[in-house]
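> Right, I'll just put the structure down here and ask away after.
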């Protein structure tokens, strides 16, 4: 089995100690751009951002603006959104934005779409959560037609278009590689038949398998249908796994540092109060939690050998083509983020290739 590519996924989570304010947001963006430049120099395959609205702990409400900036700080790595919440966007404007971004990126753009997993976000923007699936499917069809250069006229209960064509078309033709982010098996099967990639994650493997199996089934059905017209057809959608990642030089150091971070989070959530029990007792509990996070597949952590072994295990269990690491966590300073980036791109990747 071929090796898995390594990329990044960032939801722009901020340290809970930091106040909410424009200066803080600017600092977060500046640091993340520096991190992307480092990741690009280290040979990461791709970096995805997300789209989140109305959440004070995150700073990614405008992924297009972010990618425009990121395109000017990177040279080789591909860039993407995982994922635009498709039902909340106007399809023509989104098709235009993505086309322009693809040119700014020099044809390095990849685009993920999602149904919208937070009902409060959909409702705030006047989208009925019960209609998110048909709107998603309709919008996907429309943006593909627009990227193909069609003059589109379309009428539905959700949108009316009258002889619309966009300029420019995407740099990549017919369009950038497309992804869907989600773990719902029915949606995954449909996506597999649409030549989109599927990104799953942040849950244990047994909870991800139904979506992965449905995705592969959809790909097979699509291939069987397409080969009647094109015998050489092969499904083009890739499979990506997203997980939190922490790498240190040794297993013991990773375990100790994660334990300290969990203690810090406990104190932040308690408002600085130490609560009941001695610090040693709380640290023992935090150490047990650190072990459980890895055991339960909520994160991949350890020294390079352990992290590589866990990635190989995930590749074999799910058949992934791409691993997307979220290297950020509350309280983890820039030096440790950069250490994880360097070790993941260096010693871990070397073990994957050996």
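Residue numbers (the numbering used here): 60 to 413. For each residue, glycine too, the CB sits at the ideal point set by N, CA and C.
(1) Where do the ends of the alpha helix (DSSP H) carrying residue 399 lie?
(2) Going by DSSP in three states, residue 72 sits in which element: helix, strand or coil?
(3) Name the DSSP beta bridge partners of residue 302, please?
(4) Which one or two residues does DSSP pair with residue 67 in a beta bridge?
(5) Would you decide whether residue 266 is buried or exposed? Buried here means 16 or more other CB atoms lie within 10 Å of its CB.
(6) For residue 321, which of 307, 347, 298 has the nearest alpha-carbon?
(7) Quick one: complete beta strand (DSSP E) runs, 3+ long, within the region 226-251?
(8) The beta strand (DSSP E) spanning residue 138 covers which residue range?
(9) So residue 194 is in the alpha helix (DSSP H); what residue range does that whole segment cover?
(10) Looking only at its own chain, which residues have a Cβ that is under 7 Å from the Cβ of residue 233, when we skip the five neighbours before and after it?
(11) What do you get for residue 115, buried or exposed, if any count of 16 or more other CB atoms within 10 angstroms of its CB means buried?
(12) Enumerate in chain order the residues of its own chain whose CB-to-CB distance from residue 175 is below 6 Å, with the five nearest sequence positions on each side excluded.
(13) Just to confirm, are residue 137 and residue 158 a CB contact at a threshold of 8 Å?
(14) Can you tell me the Cα-Cα spacing of residue 312 and residue 352, whole angstroms?
(15) Thinking C-beta only, is residue 211 closer than 8 Å to residue 220?
(16) Going by the DSSP bridge assignment, what does residue 170 pair with across the sheet?
(17) Identify which residue in 373, 308, 193, 95 has its Cα closest to the Cα of residue 261.
(18) Rounded to whole angstroms, what is the Cα-Cα separation between residue 91 and residue 256?
(19) Give the range of the beta strand (DSSP E) segment to which residue 147 is assigned.
(20) Please name the residue in 375, 385, 127 whose C-alpha comes closest to that of residue 305.
(21) Give the DSSP-derived three-state secondary structure of residue 359 in the structure shown.
(22) Starting from residue 162, follow its DSSP beta bridges and name the residues at the other end.
(23) Spatial neighbours of residue 95 within its chain, please: C-beta separation below 7 Å, excluding the five flanking residues on both sides.
(24) Have a look at residue 245 and residue 299 and give me their C-alpha separation to the nearest angstrom.
(25) Rounding to the nearest angstrom, what Cα-Cα distance links residue 370 and residue 314 in this structure?
(26) Closest by CA to residue 325, which one among 342, 309, 167?
(27) Secondary structure at residue 220, three-state DSSP: helix, strand or coil?
(28) Only counting the same chain, and skipping five residues up and downstream in sequence, which positions put a Cβ closer than 7 Å to that of residue 376?
(29) Quick one, which of 173, 177, 126, 141 has its alpha-carbon nearest residue 156's?
(30) Measuring CB to CB, does residue 230 end up less than 8 Å from residue 173?
(31) Just to confirm the assignment, what range does the alpha helix (DSSP H) spanning residue 328 have?
(32) So residue 73 packs on residue 151, CB below 8 Å; how close in whole Å?
(33) To the nearest angstrom, how far is the alpha carbon of residue 359 from that of residue 160?
(34) Taking C-alpha atoms, which residue in 187, 247, 402, 310 lies nearest to residue 280?
(35) Provide the residue span of the beta strand (DSSP E) that contains residue 214, from first to last.
(36) Using 8 Å as the threshold, is the C-beta distance between residue 63 and residue 400 below it?
According to the data block:
(1) Taking the first residue of the chain shown as position 1, residue 399 is located at position 340. Segment 393-402, the alpha helix (DSSP H) holding residue 399.
(2) Along the chain shown, read from residue 1 onward, the residue named residue 72 stands at position 13. Three-state result, residue 72: strand.
(3) Counted from its first residue, the chain shown places residue 302 at position 243. DSSP, once it has assigned bridges, lists 384 as partnering residue 302.
(4) Within the chain shown, numbered from 1, the residue matching residue 67 stands at position 8. Answer is 106, 384.
(5) Mapped onto the chain shown, residue 266 falls at position 207. Exposed.
(6) Along the chain shown, read from residue 1 onward, the residue named residue 321 stands at position 262. Comparing Cα-Cα distances from residue 321 to each of 307, 347, 298, the minimum goes to 347.
(7) 237-240
(8) Taking the first residue of the chain shown as 1, we reach residue 138 at position 79. Segment 137-144, the beta strand (DSSP E) holding residue 138.
(9) For the purposes of this step, residue 194 is identified with residue 135 of the chain shown, where counting begins at 1. Element bounds for residue 194: 191-206.
(10) The residue you call residue 233 lines up with position 174 of the chain shown. Excluding sequence neighbours, residue 233 sits near 206, 207.
(11) Along the chain shown, read from residue 1 onward, the residue named residue 115 stands at position 56. Counting Cβ neighbours within 10 Å, residue 115 comes out exposed, since fewer than 16 surround it.
(12) Counted from its first residue, the chain shown places residue 175 at position 116. Only 144, 146, 181, 191 meet the Cβ criterion.
(13) Along the chain shown, read from residue 1 onward, the residue named residue 137 stands at position 78. Along the chain shown, read from residue 1 onward, the residue named residue 158 stands at position 99. Contact flag unset, no.
(14) Taking the chain shown and counting its residues from 1, one reaches residue 312 at position 253. Taking the chain shown and counting its residues from 1, one reaches residue 352 at position 293. Going from the Cα of residue 312 to the Cα of residue 352 covers about 16 Å.
(15) Numbered from its first residue, the chain shown carries residue 220 at position 161. Numbered from its first residue, the chain shown carries residue 211 at position 152. Cβ atoms of residue 220 and residue 211: closer than 8 Å.
(16) Mapped onto the chain shown, residue 170 falls at position 111. Its beta-bridge partners are 140, 237.
(17) By one-based count along the chain shown, residue 261 stands at place 202. When only C-alpha atoms are compared, the closest one is 373.
(18) Translated into the one-based positions of the chain shown, residue 91 becomes position 32. Translated into the one-based positions of the chain shown, residue 256 becomes position 197. When rounded, the distance between both Cα atoms is 26 Å.
(19) Translated into positions along the chain shown, residue 147 becomes position 88. Run containing residue 147: none; DSSP gives neither H nor E here.
(20) As a working mapping, residue 305 is identified with position 246 in the chain shown. Checking every option, the nearest Cα to that of residue 305 belongs to 385.
(21) Numbered from 1 along the chain shown, position 300 holds the residue referred to as residue 359. Residue state, collapsed to three classes: strand.
(22) What you label residue 162 is simply residue 103 of the chain shown in a count that begins at 1. Answer is none; residue 162 lacks a bridge partner.
(23) Against the chain shown, residue 95 aligns to sequence position 36. Excluding positions up to five away in sequence, the list reads 106, 129, 132, 133.
(24) If you number the chain shown from 1, residue 245 lands on position 186. If you number the chain shown from 1, residue 299 lands on position 240. Their Cα atoms are separated by approximately 18 Å.
(25) Along the chain shown, read from residue 1 onward, the residue named residue 370 stands at position 311. Along the chain shown, read from residue 1 onward, the residue named residue 314 stands at position 255. Straight-line Cα distance between these residues: approximately 18 Å.
(26) One-based indexing of the chain shown puts residue 325 at position 266. Checked all of 342, 309, 167; the closest Cα to residue 325 is 342.
(27) Position 161 of the chain shown holds residue 220. Three-state DSSP puts residue 220 in a strand.
(28) Counting from one through the chain shown, the residue named residue 376 turns up at place 317. Closer than 7 Å at Cβ, skipping near neighbours: 264.
(29) Taking the first residue of the chain shown as position 1, residue 156 is located at position 97. Closest option to residue 156, Cα to Cα, is 126.
(30) As a working mapping, residue 230 is identified with position 171 in the chain shown. As a working mapping, residue 173 is identified with position 114 in the chain shown. Cβ distance not < 8 Å, so residue 230 and residue 173 don't count as in contact.
(31) What you label residue 328 is simply residue 269 of the chain shown in a count that begins at 1. Here the alpha helix (DSSP H) through residue 328 covers 310-328.
(32) If you number the chain shown from 1, residue 73 lands on position 14. If you number the chain shown from 1, residue 151 lands on position 92. So it is not a contact: roughly 33 Å between Cβ atoms.
(33) In the chain shown, the residue the question calls residue 359 occupies position 300. In the chain shown, the residue the question calls residue 160 occupies position 101. Their Cα atoms are separated by approximately 32 Å.
(34) Numbered from 1 along the chain shown, position 221 holds the residue referred to as residue 280. Residue 247 is the option with its Cα nearest to residue 280.
(35) For the purposes of this step, residue 214 is taken as the residue at position 155 of the chain shown. Run containing residue 214: 211-214, per the beta strand (DSSP E) assignment.
(36) Here residue 63 corresponds to residue number 4 of the chain shown, with the count starting at 1. Here residue 400 corresponds to residue number 341 of the chain shown, with the count starting at 1. No, they are not a contact pair.
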